[in-house]
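The block underneath contains the structure these notes are about, expressed in structure tokens.
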Amino acid sequence: MSRDEGAGAGSILLAFILGAVSGAAVALLYAPASGRQTREYLGEKADEARAKAAEAAARGRDALNQGRETITTAIERGREAYQQARRENA
Numbered sequence: 002m003s004r005d006e007g008a009g010a011g012s013i014l015l016a017f018i019l020g021a022v023s024g025a026a027v028a029l030l031y032a033p034a035s036g037r038q039t040r041e042y043l044g045e046k047a048d049e050a051r052a053k054a055a056e057a058a059a060r061g062r063d064a065l066n067q068g069r070e071t072i073t074t075a076i077e078r079g080r081e082a083y084q085q086a087r088r089e090n091a
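The opening position of the sequence shown corresponds to residue 2 in the working numbering, with each subsequent residue numbered one higher.
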């Protein structure tokens, strides 16, 4: 008998990402660069991450809007076909 403890792929992926970020932060802190250089580097990487996140959010919104339009069109066509079938059978 096996039991599923509920550890889904999402939680495992999140743990992996958090571990990678933590490891990168520790590596940067022990890097042979000055504090100022390290802070500048971290600031640049944070800006890049923000830009990528904003771009991904915009793509997600576009995909969501396109999906809504597709569903709306499909529902309208389904209603029209239903009404036409009712008229033909009446």
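The beta carbon of each residue, even a glycine, is placed where N, CA and C say it ideally should be.
Euclidean distance between Cα positions of residue 86 and residue 77:
Within the sequence shown, the letter at position 85 stands for residue 86. Within the sequence shown, the letter at position 76 stands for residue 77. In a straight line, the C-alpha of residue 86 is about 14 Å away from that of residue 77.
Could you give the DSSP three-state label for residue 83: helix, strand or coil?
Walking along the sequence shown from the start, residue 83 turns up at place 82. Correct three-state label for residue 83: helix.
Could you tell me the distance, in whole angstroms, from the CA atom of residue 56 to the CA atom of residue 9?
In the sequence shown, counting from the first residue as 1, residue 56 sits at position 55. In the sequence shown, counting from the first residue as 1, residue 9 sits at position 8. Straight-line Cα distance between these residues: approximately 27 Å.
With respect to the alpha helix (DSSP H) encompassing residue 12, which residues constitute its N-terminal and C-terminal limits?
Reading the sequence shown from its first residue, position 11 is the one you call residue 12. 10–30 is the span of the alpha helix (DSSP H), which, as asked, contains residue 12.
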